[in-house]
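**Student:** Positions in the sequence shown are counted from 1; adding 8 to them yields our numbering.
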Amino acid sequence: MAYTAWNTAVKLADPQSAASLLPLMPVITTALSAVLLHEGLSPLQTVGMALAIAGVYTALRVK
């Protein structure tokens with residue numbers, strides 16, 4: 009599902025914008041597995057997801 013989201017983002021946006029969202033693919037995959045498959049999230053995974061989101065936010069904000 010994450011690859012489908014990635015391919016859709018590339019189609020809808022220019023490649024540079026889509027590439028800036030690439031670090032969110034593991035976040036999307038982990039979140040979907042937690043929601044759809046009821047897999048647990050470890051504290052380290054949660055911190056990693058937060059850091060990835062913060063990094064993308066920071067990169068997109070500083071333009």
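Using N, Cα and C, we set each Cβ at its ideal position, and we do this for glycine too.
The model shown is predicted, which means the values in this text are computed figures rather than measured ones.
Does the distance from the CB of Leu49 to the CB of Ala58 come in under 7 angstroms?
**Tutor:** Your numbering for residue 49 matches position 41 in the sequence shown. Your numbering for residue 58 matches position 50 in the sequence shown. No, the pair does not count as a contact, with Cβ atoms beyond the cut-off.
**Student:** Check each candidate in Ala26, Val18, Lys19 and name the one with the smallest Cα separation from Leu68.
**Tutor:** What you label residue 68 is simply residue 60 of the sequence shown in a count that begins at 1. Closest by alpha carbon: Ala26.
**Student:** For Val64 and Leu32, what's the separation of their Cα atoms in angstroms?
**Tutor:** As a first step, residue 64 is located in the sequence shown; it is residue number 56 there, counting from the start. As a first step, residue 32 is located in the sequence shown; it is residue number 24 there, counting from the start. Going from the Cα of Val64 to the Cα of Leu32 covers about 8 angstroms.
**Student:** Can you give the Cα-Cα distance for Ile61 and Thr38, rounded to whole angstroms?
**Tutor:** For the purposes of this step, residue 61 is identified with residue 53 of the sequence shown, where counting begins at 1. For the purposes of this step, residue 38 is identified with residue 30 of the sequence shown, where counting begins at 1. Distance from the CA atom of Ile61 to the CA atom of Thr38, rounded to whole angstroms, is 13 angstroms.
**Student:** Which residue's Cα is closest to the Cα of Thr54: Val70, Val35, Leu44, Gln24?
**Tutor:** As a first step, residue 54 must be located in the sequence shown, where it is residue number 46. Residue Val35 is the option with its Cα nearest to Thr54.
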